[in-house]
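Residue numbers (the working numbering): 15 to 331. One structure is given below, encoded as C-alpha coordinates.
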Amino acid sequence: MLTGYIGTYNTASTKGIYQFSYEENSGKISDIQSFLSIDDAKCIDRYENILIITTSKNNKSGIALVDISTKTILDEILLENSSPCFVKHHDDFIYTANYHDGVVMVYQIVNNKLKLIKQISIQNKAGCHQVVLYKNYLIVPCLLLDQVRIFDINNDYDLVKTLTFPAKTGPRHGVFNHDYSHFYLVSELSSEFFDFSVDNLEFTLNTKLNLLPKDKLDNTSSAAIRITKDNRFIYISTRGADLLTVISLENKPEIIQQINSGGMHPRDFILSEDEQYLLVVNKDTDDMSSFQLDKTNGKIVKLINTDKVPHAIGIIL
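This is how it looks when you write it as C-alpha coordinates:
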(Lines of atoms letter the chains of each structure in order from A and count residues from 1; the text may use other names and numbers.)
(Lines give C-alpha, C1' and ligand atoms only; values in the text may rest on other atoms or scores of the structure.)
Protein backbone atom coordinates (compact mmCIF):
# COMPACT_ATOMS: atom_id res chain seq x y z
CA MET A 1 0.00 0.00 0.00
CA LEU A 2 1.33 3.41 -0.99
CA THR A 3 0.41 6.84 0.36
CA GLY A 4 -0.29 9.72 -2.00
CA TYR A 5 -1.03 13.38 -1.39
CA ILE A 6 -3.53 15.87 -2.82
CA GLY A 7 -3.45 19.67 -2.90
CA THR A 8 -6.73 21.62 -2.82
CA TYR A 9 -8.18 25.06 -3.50
CA ASN A 10 -8.94 27.28 -0.53
CA THR A 11 -12.66 26.94 0.28
CA ALA A 12 -14.77 26.64 3.41
CA SER A 13 -14.98 22.88 2.90
CA THR A 14 -11.30 22.14 2.23
CA LYS A 15 -8.54 21.44 4.72
CA GLY A 16 -5.31 22.03 2.81
CA ILE A 17 -3.40 18.83 2.05
CA TYR A 18 -5.08 15.42 1.95
CA GLN A 19 -3.56 11.97 1.91
CA PHE A 20 -4.88 8.77 0.36
CA SER A 21 -4.02 5.10 0.19
CA TYR A 22 -3.28 3.41 -3.13
CA GLU A 23 -3.28 -0.36 -3.60
CA GLU A 24 -0.63 -1.15 -6.24
CA ASN A 25 -2.04 -4.52 -7.30
CA SER A 26 -5.64 -3.43 -7.79
CA GLY A 27 -5.28 0.30 -8.45
CA LYS A 28 -7.89 1.03 -5.80
CA ILE A 29 -7.80 4.34 -3.94
CA SER A 30 -9.14 4.63 -0.40
CA ASP A 31 -8.90 6.26 3.01
CA ILE A 32 -8.78 9.88 1.80
CA GLN A 33 -8.31 12.09 4.85
CA SER A 34 -6.92 15.46 5.90
CA PHE A 35 -3.13 15.45 6.27
CA LEU A 36 -2.37 19.09 7.13
CA SER A 37 -4.69 22.08 7.35
CA ILE A 38 -2.92 24.98 5.63
CA ASP A 39 -4.00 27.78 3.31
CA ASP A 40 -3.54 27.65 -0.48
CA ALA A 41 -1.86 24.24 -0.62
CA LYS A 42 -3.09 23.61 -4.16
CA CYS A 43 0.21 22.52 -5.76
CA ILE A 44 2.35 19.82 -4.27
CA ASP A 45 5.53 17.81 -4.87
CA ARG A 46 7.69 15.45 -2.83
CA TYR A 47 11.42 15.49 -2.07
CA GLU A 48 12.52 12.51 0.01
CA ASN A 49 10.50 12.75 3.25
CA ILE A 50 9.44 16.34 2.57
CA LEU A 51 6.35 17.73 0.88
CA ILE A 52 6.92 20.89 -1.14
CA ILE A 53 3.69 22.88 -1.19
CA THR A 54 2.35 26.25 -2.26
CA THR A 55 0.88 28.30 0.55
CA SER A 56 -0.26 31.78 1.62
CA LYS A 57 -0.15 33.70 4.89
CA ASN A 58 -0.72 37.33 5.84
CA ASN A 59 -1.50 38.31 2.24
CA LYS A 60 1.78 36.91 0.91
CA SER A 61 2.33 33.65 -0.96
CA GLY A 62 5.08 31.23 -1.88
CA ILE A 63 6.13 27.74 -0.89
CA ALA A 64 6.77 25.73 2.25
CA LEU A 65 8.57 22.53 3.18
CA VAL A 66 6.57 20.06 5.28
CA ASP A 67 8.08 17.11 7.14
CA ILE A 68 5.87 14.14 6.26
CA SER A 69 6.62 12.24 9.47
CA THR A 70 5.87 15.05 11.91
CA LYS A 71 3.51 17.15 9.75
CA THR A 72 5.49 20.24 10.72
CA ILE A 73 6.58 23.13 8.52
CA LEU A 74 10.36 23.10 8.19
CA ASP A 75 10.65 26.38 6.31
CA GLU A 76 8.76 28.77 4.07
CA ILE A 77 9.46 31.70 1.76
CA LEU A 78 6.51 33.97 0.99
CA LEU A 79 7.49 36.70 -1.48
CA GLU A 80 4.66 36.59 -4.01
CA ASN A 81 1.32 38.40 -4.12
CA SER A 82 -0.65 35.34 -5.26
CA SER A 83 0.10 31.68 -4.79
CA PRO A 84 2.06 29.81 -7.48
CA CYS A 85 0.10 27.50 -9.78
CA PHE A 86 2.97 25.06 -10.31
CA VAL A 87 5.74 23.55 -8.20
CA LYS A 88 8.30 20.90 -9.14
CA HIS A 89 11.70 19.84 -7.88
CA HIS A 90 14.74 18.42 -9.63
CA ASP A 91 17.28 17.05 -7.19
CA ASP A 92 17.47 19.71 -4.46
CA PHE A 93 16.27 22.58 -6.67
CA ILE A 94 12.64 23.72 -6.70
CA TYR A 95 10.90 25.61 -9.51
CA THR A 96 7.58 27.43 -9.25
CA ALA A 97 5.46 29.34 -11.78
CA ASN A 98 3.03 32.11 -10.86
CA TYR A 99 0.08 32.73 -13.19
CA HIS A 100 -0.95 36.14 -11.81
CA ASP A 101 2.38 37.60 -10.69
CA GLY A 102 4.09 36.44 -13.88
CA VAL A 103 7.21 35.20 -12.13
CA VAL A 104 9.24 32.01 -11.96
CA MET A 105 11.02 31.29 -8.69
CA VAL A 106 14.05 29.04 -8.26
CA TYR A 107 14.90 27.70 -4.80
CA GLN A 108 17.37 25.23 -3.36
CA ILE A 109 16.84 22.96 -0.36
CA VAL A 110 19.83 23.27 1.97
CA ASN A 111 19.72 21.35 5.26
CA ASN A 112 15.92 21.19 5.09
CA LYS A 113 15.72 24.97 4.62
CA LEU A 114 14.78 27.01 1.56
CA LYS A 115 17.28 29.24 -0.21
CA LEU A 116 16.05 31.60 -2.94
CA ILE A 117 18.32 31.27 -5.97
CA LYS A 118 16.54 33.42 -8.56
CA GLN A 119 13.34 35.29 -9.28
CA ILE A 120 12.63 35.53 -13.00
CA SER A 121 10.17 38.36 -13.57
CA ILE A 122 8.35 37.96 -16.87
CA GLN A 123 5.27 40.18 -16.81
CA ASN A 124 2.30 40.77 -14.54
CA LYS A 125 -0.52 38.41 -15.53
CA ALA A 126 1.73 36.55 -17.97
CA GLY A 127 -0.04 33.31 -17.12
CA CYS A 128 3.18 31.44 -16.30
CA HIS A 129 1.96 27.90 -15.78
CA GLN A 130 4.86 25.46 -15.68
CA VAL A 131 8.64 25.09 -15.58
CA VAL A 132 10.21 22.33 -17.69
CA LEU A 133 13.92 21.49 -17.45
CA TYR A 134 15.79 20.97 -20.73
CA LYS A 135 19.59 20.68 -20.70
CA ASN A 136 20.73 23.95 -19.07
CA TYR A 137 17.47 25.73 -19.85
CA LEU A 138 14.13 26.42 -18.19
CA ILE A 139 11.10 26.26 -20.48
CA VAL A 140 8.15 28.33 -19.26
CA PRO A 141 4.73 28.26 -20.97
CA CYS A 142 3.17 31.73 -20.59
CA LEU A 143 -0.50 31.08 -21.18
CA LEU A 144 -1.78 34.66 -21.32
CA LEU A 145 1.07 35.81 -23.59
CA ASP A 146 0.59 32.93 -26.05
CA GLN A 147 4.29 32.25 -25.70
CA VAL A 148 6.75 29.69 -24.41
CA ARG A 149 9.84 31.41 -23.05
CA ILE A 150 13.22 29.72 -22.62
CA PHE A 151 15.81 30.85 -20.07
CA ASP A 152 19.51 29.94 -19.79
CA ILE A 153 20.34 28.64 -16.32
CA ASN A 154 24.10 29.06 -16.90
CA ASN A 155 23.75 32.70 -17.94
CA ASP A 156 21.87 34.05 -14.92
CA TYR A 157 18.56 32.78 -16.32
CA ASP A 158 18.62 35.20 -19.27
CA LEU A 159 15.85 34.90 -21.86
CA VAL A 160 17.34 33.20 -24.93
CA LYS A 161 14.34 32.07 -26.98
CA THR A 162 10.62 32.73 -27.36
CA LEU A 163 8.14 30.44 -29.11
CA THR A 164 5.07 32.39 -30.21
CA PHE A 165 1.61 30.93 -30.78
CA PRO A 166 -1.54 32.35 -32.40
CA ALA A 167 -3.69 34.56 -30.19
CA LYS A 168 -5.92 32.71 -27.71
CA THR A 169 -3.89 29.48 -27.90
CA GLY A 170 -2.86 29.58 -24.25
CA PRO A 171 0.12 27.18 -24.03
CA ARG A 172 -0.13 25.55 -20.61
CA HIS A 173 1.93 22.40 -19.98
CA GLY A 174 4.54 20.40 -21.88
CA VAL A 175 6.62 17.22 -21.64
CA PHE A 176 9.72 15.90 -23.42
CA ASN A 177 10.31 12.39 -24.65
CA HIS A 178 13.19 10.45 -23.09
CA ASP A 179 15.96 11.74 -25.39
CA TYR A 180 14.64 15.30 -25.59
CA SER A 181 14.19 15.07 -29.35
CA HIS A 182 10.47 15.93 -29.10
CA PHE A 183 8.56 18.43 -27.00
CA TYR A 184 4.83 17.82 -26.60
CA LEU A 185 2.64 20.72 -25.50
CA VAL A 186 -1.03 21.15 -24.60
CA SER A 187 -2.81 24.50 -24.83
CA GLU A 188 -5.54 25.56 -22.43
CA LEU A 189 -7.56 28.07 -24.45
CA SER A 190 -7.57 26.34 -27.85
CA SER A 191 -7.33 22.76 -26.47
CA GLU A 192 -4.68 21.74 -28.96
CA PHE A 193 -1.79 19.28 -28.84
CA PHE A 194 1.53 20.29 -30.39
CA ASP A 195 4.44 18.03 -31.34
CA PHE A 196 7.77 19.83 -31.82
CA SER A 197 11.03 18.30 -33.01
CA VAL A 198 13.86 19.69 -30.92
CA ASP A 199 17.49 20.33 -31.89
CA ASN A 200 19.21 22.38 -29.22
CA LEU A 201 17.11 25.58 -29.27
CA GLU A 202 15.39 24.92 -32.58
CA PHE A 203 11.77 23.85 -32.06
CA THR A 204 10.08 22.70 -35.29
CA LEU A 205 6.33 22.06 -35.27
CA ASN A 206 5.53 18.66 -36.78
CA THR A 207 1.94 17.99 -35.78
CA LYS A 208 -0.97 19.88 -34.28
CA LEU A 209 -4.12 18.07 -33.14
CA ASN A 210 -7.45 19.54 -32.07
CA LEU A 211 -8.56 17.87 -28.85
CA LEU A 212 -12.07 19.30 -29.34
CA PRO A 213 -14.01 20.60 -32.35
CA LYS A 214 -13.61 24.36 -32.72
CA ASP A 215 -17.32 24.89 -32.05
CA LYS A 216 -17.07 23.00 -28.73
CA LEU A 217 -14.38 25.14 -27.08
CA ASP A 218 -16.67 27.39 -25.03
CA ASN A 219 -16.25 26.82 -21.29
CA THR A 220 -13.58 24.17 -21.83
CA SER A 221 -9.87 24.21 -21.05
CA SER A 222 -7.24 21.52 -21.38
CA ALA A 223 -4.99 21.09 -18.36
CA ALA A 224 -2.47 18.34 -17.62
CA ILE A 225 -0.30 16.24 -19.94
CA ARG A 226 1.69 13.07 -19.16
CA ILE A 227 3.87 10.77 -21.27
CA THR A 228 4.60 7.08 -20.68
CA LYS A 229 8.14 5.95 -19.94
CA ASP A 230 8.37 4.10 -23.25
CA ASN A 231 7.35 7.32 -25.05
CA ARG A 232 4.48 5.58 -26.86
CA PHE A 233 1.46 7.34 -25.37
CA ILE A 234 0.37 10.79 -24.19
CA TYR A 235 -2.52 11.46 -21.80
CA ILE A 236 -4.28 14.85 -21.53
CA SER A 237 -7.12 16.13 -19.34
CA THR A 238 -9.68 18.68 -20.55
CA ARG A 239 -11.93 20.55 -18.13
CA GLY A 240 -15.42 21.59 -19.13
CA ALA A 241 -15.59 18.72 -21.60
CA ASP A 242 -14.41 16.53 -18.68
CA LEU A 243 -12.34 14.31 -20.93
CA LEU A 244 -9.24 12.18 -20.74
CA THR A 245 -7.59 11.97 -24.16
CA VAL A 246 -5.13 9.26 -25.19
CA ILE A 247 -2.70 10.03 -28.01
CA SER A 248 -0.54 7.38 -29.66
CA LEU A 249 2.96 8.55 -30.61
CA GLU A 250 3.71 5.51 -32.75
CA ASN A 251 4.20 6.52 -36.37
CA LYS A 252 2.71 10.00 -36.11
CA PRO A 253 0.66 11.40 -33.19
CA GLU A 254 -3.03 10.53 -33.34
CA ILE A 255 -5.93 10.54 -30.91
CA ILE A 256 -6.93 6.95 -30.17
CA GLN A 257 -9.37 7.44 -27.28
CA GLN A 258 -11.40 10.05 -25.42
CA ILE A 259 -13.43 9.11 -22.33
CA ASN A 260 -15.12 10.84 -19.41
CA SER A 261 -12.78 11.68 -16.54
CA GLY A 262 -15.12 10.18 -13.95
CA GLY A 263 -16.22 13.60 -12.71
CA MET A 264 -16.19 17.31 -13.56
CA HIS A 265 -13.15 19.57 -14.07
CA PRO A 266 -10.17 17.15 -14.22
CA ARG A 267 -7.47 19.61 -13.08
CA ASP A 268 -4.63 17.12 -12.64
CA PHE A 269 -3.78 13.44 -12.97
CA ILE A 270 -0.82 11.10 -12.67
CA LEU A 271 0.22 7.69 -13.94
CA SER A 272 1.15 5.04 -11.40
CA GLU A 273 4.81 4.01 -11.24
CA ASP A 274 4.11 0.82 -13.23
CA GLU A 275 1.80 2.78 -15.58
CA GLN A 276 -0.99 0.27 -15.04
CA TYR A 277 -3.31 2.94 -13.62
CA LEU A 278 -4.23 6.60 -14.06
CA LEU A 279 -5.36 8.64 -11.04
CA VAL A 280 -7.31 11.84 -11.74
CA VAL A 281 -8.73 14.54 -9.45
CA ASN A 282 -11.99 16.22 -10.51
CA LYS A 283 -12.35 19.59 -8.76
CA ASP A 284 -16.00 20.45 -9.37
CA THR A 285 -17.41 17.09 -8.31
CA ASP A 286 -15.10 16.88 -5.28
CA ASP A 287 -13.75 13.47 -6.19
CA MET A 288 -10.84 11.38 -7.38
CA SER A 289 -10.96 8.41 -9.73
CA SER A 290 -8.65 5.53 -10.58
CA PHE A 291 -8.63 4.02 -14.09
CA GLN A 292 -6.94 0.87 -15.34
CA LEU A 293 -4.71 1.23 -18.40
CA ASP A 294 -3.81 -1.27 -21.11
CA LYS A 295 -0.04 -0.91 -21.47
CA THR A 296 -0.12 -2.66 -24.84
CA ASN A 297 -2.33 -0.16 -26.66
CA GLY A 298 -2.30 2.70 -24.15
CA LYS A 299 -6.07 2.85 -23.82
CA ILE A 300 -8.03 3.40 -20.64
CA VAL A 301 -9.75 0.09 -19.92
CA LYS A 302 -12.12 0.72 -17.03
CA LEU A 303 -12.88 2.75 -13.94
CA ILE A 304 -11.56 1.04 -10.81
CA ASN A 305 -13.19 3.27 -8.20
CA THR A 306 -13.97 6.83 -7.14
CA ASP A 307 -13.63 8.49 -3.73
CA LYS A 308 -14.45 11.93 -2.38
CA VAL A 309 -11.99 14.79 -1.87
CA PRO A 310 -13.00 18.48 -1.90
CA HIS A 311 -11.77 20.88 -4.62
CA ALA A 312 -8.70 18.82 -5.53
CA ILE A 313 -6.08 20.55 -7.68
CA GLY A 314 -2.80 18.62 -7.55
CA ILE A 315 -1.88 15.01 -6.92
CA ILE A 316 1.33 13.06 -6.27
CA LEU A 317 2.01 9.43 -5.45
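C-beta: ideal position from N, C-alpha, C; glycine also. None of these values were measured; they are calculated from a predicted model.
Query                                                                                                        : Result
9 Å Cβ cutoff met for V323 and F34                                                                           : yes
Cα-Cα separation, E206 to Y109                                                                               : 25 Å
Selection from I239, G116, V80, K228 that minimises the alpha carbon distance to N191                        : I239
D53 versus S70 - alpha carbon distance                                                                       : 6 Å
V146 classed as buried or exposed, judged by whether at least 16 other C-beta atoms fall within 10 angstroms : buried
E264 - containing beta strand (DSSP E), residue span                                                         : It is not in any beta strand (DSSP E) - E264 carries neither H nor E in the DSSP assignment.
Start-to-end residues for the beta strand (DSSP E) that takes in D166                                        : 161 to 166
Anticipated Cβ contact below 8 Å, L92 with S75, distance rounded                                             : 6 Å
contact_flag[the segment 19 to 34, the segment 294 to 304] where n(CB pairs < 8 Å) is 3 or more              : yes
In DSSP terms, what M302 is bridged to                                                                       : V295, D321
Expected contact under 8 Å - CB spacing of Q144 and F100 to nearest Å                                        : 5 Å
From K56, L293, N214, S96, residue whose alpha carbon lies closest to that of G116                           : S96
Residues sharing a beta bridge with C156, DSSP                                                               : C142, Q161
Y19 beta carbon less than 9 Å from that of I11                                                               : One cannot answer for residue 11 here, as it falls past the ends of the chain, which runs 15 to 331.
Coil, strand or helix - N169 by DSSP                                                                         : helix
Beta carbon of Y151 nearer than 9 Å to that of I136                                                          : no
Beta carbon of R186 nearer than 9 Å to that of S236                                                          : yes
Residues near D288 by beta carbon distance below 8 Å, same chain, minus five either side                     : E38
Under 9 Å between C-beta atoms of D256 and A326                                                              : no
8 Å Cβ shell around K129 - same chain, five flanking residues per side excluded                              : Y121, Q122, I123
Distance between Y171 and F107 (C-alpha atoms, nearest Å)                                                    : 14 Å
Short Cβ contact (9 Å threshold) for I333 with N126                                                          : In the structure as shown, the chain begins at 15 and stops at 331. Residue 333 is therefore absent and cannot be evaluated.
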